[in-house]
Amino acid sequence: MTIIKLAPKRAFKTPVNAQTITPDAFQEKTMSEIAELHVWEGNRRRKLGELFHISEEKTAGSESLRIEVSGDLRKVRWIGAKMTTGEIIINGDVGMHLGEEMEGGKITVNGNAEAWLGSMMHGGTIEVKGNAGDYVASAYRGSTRGMNGGKIIIHGNVGNDAGNAMRKGVIIVHGNAGQFAGVNMHDGAILIKGNCEGRMGADMHGGKIVVCGHVKSVLPSFTIEAVRKRVKFEGEPVEGPFYLFLGDLNTKGKGKLFIAKNPNQHLSFYEKLL
Amino acid sequence: MTVVSNVTCPVCGSLCDDIELVVENNRIVKVRNACAVGEAKFLGFADPHHRRVKPLIRKNGELVEASLDEAIRRSAEILAEACYPLLYGWSSTSTEAIRVGLELAEEVGGVADNTSTVCHGPSILSIQNVGIPTCTLGQIRHRADLVIYWGSNPWNAHPRHLERYTTFTEGRFQKSIWIRYLTKLQGLIGRKKAERAAELVSPRKEAMPQTEKVEGLPPPLKAEERKMIVVDVRKTRSAEIADYFLQVKPNMDYELLQAFRMAIHDRELDVDEVAGVPVELIEEVADVMLKCRFGMLFFGLGLTMTSAKIRNIDAAISLVRELNERTKFTIMPMRGHFNVTGANVVFTWQTGYPYAVDFSQGFPRYNPGETSAVDILARGDLDAALIVASDPVPHFPKKAVENLVKNPLIVIDPQVTPTSFMADVVIPSAFVGIETGGTAYRMDHVPLPLKKVVEPPETCLPDEVILRRILKEVRRLKGMRTA
Chain A
-11 MTIIKLAPKR AFKTPVNAQT ITPDAFQEKT MSEIAELHVW EGNRRRKLGE LFHISEEKTA
49 GSESLRIEVS GDLRKVRWIG AKMTTGEIII NGDVGMHLGE EMEGGKITVN GNAEAWLGSM
109 MHGGTIEVKG NAGDYVASAY RGSTRGMNGG KIIIHGNVGN DAGNAMRKGV IIVHGNAGQF
169 AGVNMHDGAI LIKGNCEGRM GADMHGGKIV VCGHVKSVLP SFTIEAVRKR VKFEGEPVEG
229 PFYLFLGDLN TKGKGKLFIA KNPNQHLSFY EKLL
Chain B
4 MTVVSNVTCP VCGSLCDDIE LVVENNRIVK VRNACAVGEA KFLGFADPHH RRVKPLIRKN
64 GELVEASLDE AIRRSAEILA EACYPLLYGW SSTSTEAIRV GLELAEEVGG VADNTSTVCH
124 GPSILSIQNV GIPTCTLGQI RHRADLVIYW GSNPWNAHPR HLERYTTFTE GRFQKSIWIR
184 YLTKLQGLIG RKKAERAAEL VSPRKEAMPQ TEKVEGLPPP LKAEERKMIV VDVRKTRSAE
244 IADYFLQVKP NMDYELLQAF RMAIHDRELD VDEVAGVPVE LIEEVADVML KCRFGMLFFG
304 LGLTMTSAKI RNIDAAISLV RELNERTKFT IMPMRGHFNV TGANVVFTWQ TGYPYAVDFS
364 QGFPRYNPGE TSAVDILARG DLDAALIVAS DPVPHFPKKA VENLVKNPLI VIDPQVTPTS
424 FMADVVIPSA FVGIETGGTA YRMDHVPLPL KKVVEPPETC LPDEVILRRI LKEVRRLKGM
484 RTA
C-alpha cells in the first residue's frame, strides 16, 4: 500500500479549495508531480507543495492508495471531492464539502467535519468520529437531488437538514440531530440514535427515518399508523417500541417516520387514534 | 423656492413615488405625502451630526482627514493585495453603483454580498427551490380582496404600504376598508370612554362587564369586500387594524403553514391545535383563503429569520401554489431597504446569482452559508472588507464584527455610522435619491427612477463614481503587479 501524508505548512486564513486532494488525482503520480497540483488559497492559485508538507510511505500489501492529512484543516474544503477509489484519513477538524459527489472509496475523519459533508454523494463511505455540520449528504441550493448512494456514519452530532433531498443510501448518526433531518427526501434511510430537534421528514416523499431519542413534536402533516416493537435498519433490528408515522401528507408522500415511544411520552395521545 | 414633484422616497422597499419636496437655497424645507420615516430622512439627511463630508484614513491608529485621491489609492491598495476580500452592503445605493461594485468584486477576486443575506436571503433560496407566484403591487391595489400579512408589521416598517397598495387603498375593483376601520376605531374609543366613566362612578374592576370572546371568525371575513388578516407572534399595530389577528407561538410558523396546507385540501389533522391555534380555526381561515377571488400573502422577517427560515418560505410558497388550484393567490416578500430588490436584480443579471457571490476563483460561485457575509465574517475567512451604504457593526453578531474590524476595512457611506468609526478608510458619498439620481427596484421588481433634488457637498461624489475610480486604480495596480 502507498501512503501519502500531507500536513499544512502554516495556518490558513482564507479558504483553501483542495479538490485535488483525492486518491484519483494522486494515482500514478510521482511526489514532485503531486506537489505541482493546483489548489486555490482565497483568490490566489498555489501549488499543493507550497501549502502542504508531502511525504510518501510504502508498506507491503495491496496496491491501493491511502492519503493521510493531519493538522488544522478547518479552512480546507473539497477534500476527496468526486473520488472514486482509495482511502483518505483525516486527523484533525476538516472544512466544508468533504467527499462532495464522491462515488467510491472511504473517508475517515478523526475529528469534526463542517457543513455539506458528502453532499450529493453517489457511493463510498464517510465515517466521522466527531461532529458534523449542517446539510450532511444534502442537495445543493436549487437542486432536488441529494445523496444518491453510499453510507455516512457520524459518531457525534449533526446540524440541521441532514439528508436533504436524499434519494438513496444510509446515514447513521450516533449523537443528536438538528432540525429537518430528511427534509424533501425521496428514498434511503436515516437512523438517529440520539435526540432530534424536530421537523423530521418535512415534505418527504418516501424513505425511512428512525429516531431513538427524544423529539419535541411531529409535524401536523404526518399521521399515526401503528406502534411497532422494533424496526429493521440495514437488515439489523433496532429495538423499540416505536410510533410509526406516515407522511408527508402535503406532498402525498409515503415516507415512514419511526419515533421511539419510551423517551416520547408526550406523543402518547396519538395512540387514541389507532 | 422650487417644488419638485414625483420624487421617489429612498427609505423602504415600498418606494413611494408621489413625494413632493419644497427646496430653498439647496435645502429641503418641506416634504409632502411622505411618511414620518421618509420625511425625517428628507429633512434631516444633511444634519452635520450624522453627515460626513471629508474622506478619512487611519494613521497611527487614528482617523485623520485625507484627500479623496489618497483615500481612493489606499482603498485600491487594500483590495488589490487581499486574498479574500468581502464587498458588502449595496442595498441602499443605486443599481448603477451596484453594477460597478460587481465589476470591482470580479476584478479583485472577492465575495460580493448584499444585505438580503440577513433579511430575505431565505426567501430567495426558497424561490429557487419552489418558484414564486407573484404580481405587481398595482394588481393587488385594484383586485386583491384578501390581504394577509404574515410575520410583518407594515404600519411601522412600511408605513404607506397599506394606504398605497393594499387595505386602505381605493382600487378599481376593490374598495378601501378605511371606513370600516374608522367605525371599529370609534367603537373602541367609545367603549374605552364608557369604561373610564364607569370606573369613576364605581371604582370596581367588574364595573363594566367584559364582552365574551366571540368564537370563530368575525363577520367582515365572511363578507364580499376586502379583508385583511395578520399572522404574528404579538399583537402589533397592523394586527389591530386587521379584520382578524391569528397569534402563532414564536418559532412555530412552519407547523402552522403546514397545517394550512393540510386544511385547504380537507385533510384531517391528528392534533387539536397547531402552534397555539385550534384546528377548527385553521379550517375556518383556510375556507376564507379558498373563497377569496384574489388573495395576497405578504411575509416579512417574522417568517424568514425565525426558526426554520427557508423552510418557512418553502411552506408559504407551497401553500400559495396549492391555493392557486382553487382560486387566485399570490405571495410577495416585504423588502426592507429601498433598493435591496435592485441589489438582487443586478447581482442576478450580472452574475447569475442574487447574493453571496464568490469570485475568488475567477468565476461566480454561490452557496449561502459558505459564501454569505455573516458566515465568512463569523469564520474569519476574509482578509479585507469594503462596506458600501451599510452599517454592519451594530447589527452583526459580535464574533462577525470582531473579524470585520480586525482586517483592513473600507467604508463608503454618506452617514456617520459605527462601522465608519472602525474603518481604515472612510469615503463619504452623496445621498442616493436626494443628492444624486439613479434607479431603484420596488419590492415587486418594478424599477423606479430616483431624483437628484439638491447638490451634494463638493467632496462627496456619487457611489458609482467613487467605485469606478477605485476600480481604475485597482486595474492600474494589478497591471503593475503583473508586469
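For the protein sequence lines, the chains are A and B, in the order given.
If you use the working numbering, the first sequence closes out at 262, no skipped numbers anywhere.
If you use the working numbering, the second sequence closes out at 486, no skipped numbers anywhere.
For every residue, glycine included, the Cβ atom is placed at its ideal position computed from N, Cα and C.
The model shown is predicted, which means the values in this text are computed figures rather than measured ones.
Can you name the residues that DSSP bridges to N117(B)?
-> G92(B)
Candidates R382(B), A147(B) and F434(B): closest to E173(B) by CA position = A147(B)
Sort R264(B), D269(B), G219(B) and L260(B) by Cα distance to D246(B) and report the nearest one.
-> G219(B)
Using the beta-carbon count (16 or more within 10 Å), is I75(B) buried or exposed?
-> buried
By the criterion of Cβ-Cβ separation under 7 Å, what are the contact partners of W207(A) in chain B?
-> For the record, residue 207(A) in the displayed sequence is Leu; it is not Trp. By Cβ distance, chain B contributes E258 and Q261.
Check each residue of the stretch 51 to 67 of chain A: if its Cβ is closer than 9 Å to any Cβ of chain B, include it; give the result in chain order.
-> R62, K63 and R65
Which residue from I60(B), R30(B) and V67(B) puts its Cα closest to that of A49(B)?
-> R30(B)
Under 9 Å Cβ-Cβ, which residues of chain A neighbour D447(B)?
-> Residues of chain A passing the Cβ test: none, with the nearest at roughly 23 Å.
Which residues in the same chain as D191(A) place their Cβ atom closer than 7 Å to its Cβ, once the five residues preceding and following it in sequence are excluded?
-> V171, N172, D236, N238 and T239
Is the Cβ of F230(A) closer than 8 Å to any Cβ of chain B?
-> no
For the stretch 17 to 71 of chain B, list the beta strand (DSSP E) runs that are entirely contained and at least 3 residues long, ordered along the chain.
-> 22 to 27, 30 to 35, 59 to 62 and 65 to 68
Mapping DSSP to helix, strand and coil, what is D12(A)?
-> helix
For L203(B), is the classification buried or exposed, using 16 other Cβ atoms within 10 angstroms of its Cβ as the cut-off for buried?
-> exposed
What residues in its chain sit with their C-beta under 6 Å from that of E458(B), if we drop five residues either side in the sequence?
-> N29
So, does the CB of F168(A) fall closer than 8 Å to a CB anywhere in chain B?
-> yes
Option nearest R445(B) by Cα separation, candidates V280(B), V233(B), Y168(B) and G279(B) = Y168(B)
Taking buried to mean at least 16 other C-beta atoms within 10 Å of its own C-beta, is T186(B) buried or exposed?
-> exposed
Please confirm if M90(A) has its CB atom under 8 Å from at least one CB of chain B.
-> no
Indicate whether at least one CB of chain A lies closer than 8 Å to the CB of E373(B).
-> yes
Helix, strand or coil: how does DSSP classify F424(B) here?
-> helix
Counted within 10 angstroms of its Cβ, other Cβ atoms place A39(B) as buried (16 or more) or exposed | exposed
Closest by CA to K152(B), which one among F399(B), R240(B) and V414(B)?
-> Here residue 152(B) turns out to be Tyr, not Lys, going by the sequence shown. Checking every option, the nearest Cα to that of Y152(B) belongs to R240(B).
8 Å Cβ cutoff met for G93(A) and G74(A) | yes
Would you mind reading off the limits of the alpha helix (DSSP H) that contains K196(B)?
-> W181 to V204
Give me the Cα-Cα distance between E23(B) and E29(A), rounded to the nearest whole angstrom.
-> 52 Å
Taking the DSSP output, what are the residues bridged to I76(A)?
-> I55(A) and I95(A)
Does any C-beta atom of chain B lie closer than 8 Å to the C-beta of I(-9)(A)?
-> no
Rounded C-alpha distance that separates F51(A) from R314(B) | A quick correction: the sequence has Glu, not Phe, at residue 51(A). Spanning the two alpha carbons is a distance of roughly 47 Å.
When burial is assigned at 16 or more other CB atoms within 10 Å of the CB, is E215(B) buried or exposed?
-> With a pLDDT of only 48 at E215(B), under 50, the local geometry of the prediction cannot be trusted, and the value read off the model is given with reservation. With fewer than 16 Cβ atoms within 10 Å of its Cβ, E215(B) is classed as exposed.
What residue does the beta strand (DSSP E) around W158(B) start on, and which one ends it?
-> Careful: W158(B) lies outside any beta strand (DSSP E), inside the alpha helix (DSSP H) at P157 to A160.
According to DSSP, which residues form a beta bridge with F297(B)?
-> K331(B)
Show which residues of chain B have a CB atom less than 8 Å away from the CB atom of A103(A).
-> G372 and E373
Following the continuous beta strand (DSSP E) through M2(B), name the residue where it begins and the one where it ends.
-> With chain B represented from 4 up to 486, any question about residue 2(B) goes unanswered, as that position is not in the structure.
Contact check, L293(B) vs I267(B), beta carbons under 8 Å = yes
Less than 8 Å between the CB atoms is what I'm expecting for A426(B) and L412(B), so what's the real figure, rounded?
-> 5 Å
What three-state label does DSSP hand K475(B) in the structure shown?
-> helix
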